[in-house]
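Under the working numbering, the residue at position 2 of the sequence shown is numbered 2, and the numbers go up by one with no gaps. Below you'll find the structure, written out as structure tokens, and then a few comments.
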Amino acid sequence: MNPKVFETPIEYLKGVGLSRANVLKKELGINNFGDLLNSFPYKYIDRTRFYKIKDIQPDLPYVQVLARLTRKEIAGEKRTTRLVAYAQDDTGVIELVWFQGIKWIEKTLIPGKVYVLFGKPSFFNGKPQMAHPEMELYTTGIKERQGNLTLQPAYNSTEKLKQFALDSKGIQRLTAVLIEQHVKDIHENLPPYITDRFKLMSRADAYKNIHFPGDSHKLHAAQHRLKFDELFFLQLKLLKNKLLHSQKFKGNIFSIVGDAFNEFYHHKLPFPLTNAQKRVLKEIRQDTQRGVQMNRLLQGDVGSGKTVVALMSMLLAVDNGFQCCIMAPTEILASQHYATIKELVGDDFIEVGLLTGSTKQKERKIIHEHLENGRLKILIGTHALIEDKVQYQNLGFVVIDEQHRFGVEQRSKLWRKNTIPPHVLVMTATPIPRTLAMTLYGDLDISVIDELPAGRKPIQTVHYYENQRLAMFGFMKREIAKGRQVYVVYPLIQESEKLDLKNLEAGIETMAHEFPLPDYRISIVHGKMKAVDKQFEMNRFIKGETQIMVATTVIEVGVNIPNASVMIIENAERFGLSQLHQLRGRVGRGAEQSYCILMSTQKLSNDGRIRLNTMVRTNNGFEIAETDLELRGPGNLEGTEQSGVMDLKVANLVTDQELLVKVREFVESIFEKDPQLALPENQILHQAFKSAQEGLSWNKIS
Ligand code: ADP
Ligand code: MG
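Structure, rendered in structure tokens:
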């Protein structure tokens, strides 16, 4: 093995030197041989095909044409001077233009000769044109040379790099030198049983072919191999960590189903559970009997009934002598959970407490006391729950609601004082596509409630343009007359906060004008308000004292006001899909038919149109999340920043889902057979894992 070679500083590569090394470092972050090797082409230019001039289309990227030069002239004056030439084949004529290096190029062009032209075509007055084409005199045998001319790599470069002759071609030359000298040092990092089984090209060949593809088949094989590497080692790391975690942390065993659970299930639960709810409960039940700490992510669309699943899991914990807590991101949500759970379990059943920033000192004292002596079984609250002062007698189960960004570190704060950590259930209504979840939350187990309780009427969604505003007002009035309540939401995006606030103010004015007192009352909530004022306005709406809630997106995720059945989203084109879906989820919580109206301007971007159409087409959060992932790519989705997702260079979580699932399952099977990676055939993987733990990147040559 000679992996150290790839740590050699880049200035030592033939043709680089100090000054070029500096710009490579600054501009592209290429510090050493390994960095250069891992800077893959962003595209390949196909030089295997010759186009006929009549077949050239405006949307073609680069084309290669065989044509005879007929005429050349220098046109224009001074600043508009340009060299124009014409070339033709037996199907048409193409115009060629140069704006720079005119004199020199003009001399090299010989009318009457046949050239191989290569460049990006454009159209002017319906006629094909090419600016600054590459020109090569046609000689017999040029077509046969295709063998080594085929797919040309194109590399990222910058203006600065170009000053050092490091345009795409320049970087290509350096890469060629590197590969030629060191391809022998690229060692295999997968055991033969894996490369055989998945028919993978060798690692060295993959590097060679991703830079200089022999042909398109080899390019695909190379890309496939490197994608496999990325996904494989990422999953190896995630699953190994999960395994280590479960070895390190024992879990409380909930061996009995007792009175609390049974009493609730048989006498208090007001509805039959959906099959999805039953399935998730079973998963949690299994988890809590294994003697290993549970770390489970529960995904379920808004209204899918996660709360009752959490509650029943907690009752199991109570039956086994443990205390539980639910942590919510805001006081409003915590209070709502408290109210819901109190209502579900009744007053005399088990002790349930609420602890937030605004809990009075006296109450706080009682709660602390009852926590320590074990009387209080379920505590609901905000971050206050992880304050130092809060001491549980025996915390066994923790529910974290609507904050999947709650990190590992914060989670561990919850149980730092316990020798055996509590089981953790993280709940989220933001659906995450399966493949992304596998990567983002690879260390969590995942449960999904993919079914809404029976009898729910799907929310009807329409998209209105500005000129349909009057119809929208009319609709609002009819619904309010029926006794319903309406949300009107305005976007609030950091960069243009001033403008947004102006929009909001104008909107409020229009609303006040359109819906005058005393028939209509309006609550207003936005980010610039004090917390107490917000709470006051929210409460008026919750109590039904106001019919319209005009708000920026501060209205809380998870807030449950069943009588609010209409959601109007202003400037809907400015919201992301997951946000639109979240907002729409505020309605559709009661028995009434609910509606969502997306208001937008006439001018929509392509993506904006797709987003609004998707919302109109479906209520399914997972379908929406998939579209979101396709539109934005994984890098822009919430929570991806710290995950390995961002390091993926070849693999793509949208287009390579199938491969990811295969790899994940395969890695699982490896750990099933060989949890320590101790078998001889897995030595090579064990090594890779160890060096990764020592802080080296998985992607680097090893
Ligand atoms: P979310 O998953 O968004 O947190 P909730 O737990 O708040 O959803 O449940 C939404 C509503 O559906 C609540 O009013 C709850 O009582 C009700 N609900 C939950 N499960 C069922 C069920 N199986 N059948 C009927 N209604 C249900
Ligand atoms: Mg909820």
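Even glycine gets a Cβ: it sits at the ideal position worked out from N, Cα and C.
Problem set entry | R145 in three-state terms, based on DSSP | Since pLDDT at R145 reaches only 49, below the 50 mark, its modelled position is unreliable, and no value is offered.
Exercise. Leaving out the 5 sequence neighbours to the left and right, which residues in its chain are closer than 7 Å to A85 when beta-carbon positions are compared?
Worked result: Cβ within range, chain order: L69, R71, K72, L96 and L109.
Exercise. Does DSSP put P9 in a helix, a strand or coil?
Worked result: Three-state DSSP puts P9 in a strand.
Exercise. Within 8 Å: the Cβ of L273 and any heavy atom of ligand 1?
Worked result: Taking 8 Å as the cut-off, one finds at least one heavy atom of ligand 1 near enough to the beta carbon of L273.
Problem set entry | Proximity test, T430 beta-carbon vs ligand 2 heavy atom, cut-off 8 Å | Distance from the C-beta of T430 to the nearest heavy atom of ligand 2 is not below 8 Å.
For this session: Express the C-alpha separation of R632 and G346 in angstroms, rounding to a whole number.
Result: G346 and R632: Cα-Cα distance of roughly 46 Å.
Exercise. Is T307 near ligand 2, with its Cβ less than 8 Å from a heavy atom?
Worked result: Closer than 8 Å to some heavy atom of ligand 2: that describes the Cβ of T307.
Problem set entry | beta strand (DSSP E) segment containing T461, residue limits | Boundaries of the beta strand (DSSP E) harbouring T461: Q460 to Y465, taken from the DSSP string.
For this session: Could you check what DSSP says for N560 in three-state terms: helix, strand or coil?
Result: In the three-state scheme derived from DSSP, where H, G and I count as helix and E and B as strand, N560 is classed as coil.
Problem set entry | Paired residues, beta bridge with P128 - DSSP | Bridge partners of P128: F123.
Problem set entry | T640 versus D674 - alpha carbon distance | Reliability fails at T640, whose pLDDT of 45 lies under 50, so the model's placement of it is uncertain and no value is given.
Problem set entry | Sub-9 Å separation of M511 and V488 beta-carbons | A contact, by the Cβ cut-off of 9 Å.
Exercise. Per DSSP, Q88 forms a beta bridge with which residues?
Worked result: Residue pairing by DSSP puts Q88 in a beta bridge opposite R68 and V93.
Problem set entry | First and last residue of the uninterrupted alpha helix (DSSP H) at L236 | Segment S216 to K248, the alpha helix (DSSP H) holding L236.
Problem set entry | Euclidean distance between Cα positions of K54 and G92 | Between K54 and G92, the C-alpha separation is close to 6 Å.
Exercise. With DSSP run on the structure shown, which of helix, strand or coil describes D301?
Worked result: If DSSP states are grouped into helix, strand and coil, D301 belongs with coil.
For this session: Can you check the region 587 to 662 for any beta strand (DSSP E) of at least 3 residues that lies completely inside it and give the ranges in chain order?
Result: Segments of the beta strand (DSSP E) lying fully in the region 587 to 662: 595 to 600.
For this session: Could you tell me which of F228, L379 and R296 sits nearest to S335, measuring between CA atoms?
Result: Answer by Cα proximity: L379.
For this session: Work out the CA separation of F536 and F473 for me, nearest whole Å.
Result: Taking the straight line joining both Cα atoms gives about 26 Å.
For this session: Tell me where the beta strand (DSSP E) around P192 begins and ends.
Result: Segment P192 to R197 is the alpha helix (DSSP H) holding P192; no beta strand (DSSP E) there.
Problem set entry | Cα-Cα separation between A678 and L395, rounded to whole angstroms | Roughly 36 Å between the two C-alpha positions.
Problem set entry | Residue range of the unbroken alpha helix (DSSP H) whose run includes I367 | Counting along the chain, the alpha helix (DSSP H) containing I367 begins and ends at Q361 to N373.
Problem set entry | Beta-carbon proximity of S19 to F164, cut-off 9 Å | In this structure, S19 lies near F164, with their beta-carbon atoms less than 9 Å apart.
For this session: Please determine, among T430, R203, D59 and I105, the residue with the shortest C-alpha to C-alpha distance to N620.
Result: Looking at the Cα atoms, T430 is the closest of the given residues.
Exercise. Can S39 and T175 be called in contact, C-beta distance under 9 Å?
Worked result: For S39 and T175, yes; Cβs fall inside 9 Å.
Problem set entry | Status (buried if at least 16 other CB within 10 Å, exposed otherwise) for L517 | Exposed.
Problem set entry | Anticipated Cβ contact below 8 Å, A651 with L231, distance rounded | Their Cβ separation, rounded to whole angstroms, is 5 Å, which keeps A651 and L231 in contact under 8 Å.
Exercise. For V177, which of helix, strand or coil comes out of DSSP?
Worked result: In the structure shown, V177 sits in a helix (DSSP, three-state: H, G or I).
Exercise. Does ligand 2 have a heavy atom nearer than 8 Å to the CB of V16?
Worked result: Using a cutoff of 8 Å, the CB of V16 does not count as near ligand 2, since none of the ligand's heavy atoms is closer than that.
Exercise. Okay, do the region 75 to 82 and the region 168 to 186 touch, 3+ Cβ pairs below 8 Å being the bar?
Worked result: In short, these stretches do not touch, since the Cβ pair count stays below three.
Exercise. How far does the beta strand (DSSP E) with D401 in it reach, from first residue to last?
Worked result: Its beta strand (DSSP E) spans residues L395 to D401.
For this session: Would you mind sorting Q460 into buried or exposed? The rule is 16 or more other CB atoms within 10 Å of its CB.
Result: So Q460 counts as exposed.
Problem set entry | Contact set for N699: own chain, Cβ-Cβ below 6 Å, skip 5 residues either direction | Below a pLDDT of 50, predicted positions are generally treated as unreliable, and N699, at 40, falls in that range; no measurement from the model is reported.
Exercise. Helix, strand or coil for Q277 per DSSP?
Worked result: Under the three-state reduction of DSSP output, Q277 falls in the helix class.
Problem set entry | Chain-order list of residues whose beta-carbon lies under 7 Å from that of L243 (same chain, five-residue window excluded) | Taken in chain order, the residues that qualify are F671 and P675.
Exercise. Which one of N22, V462 and R434 has the shortest CA to CA distance from V160?
Worked result: Residue identity check: residue 160 is Lys in the sequence provided, not Val. Measuring from the Cα of K160, the nearest candidate turns out to be N22.
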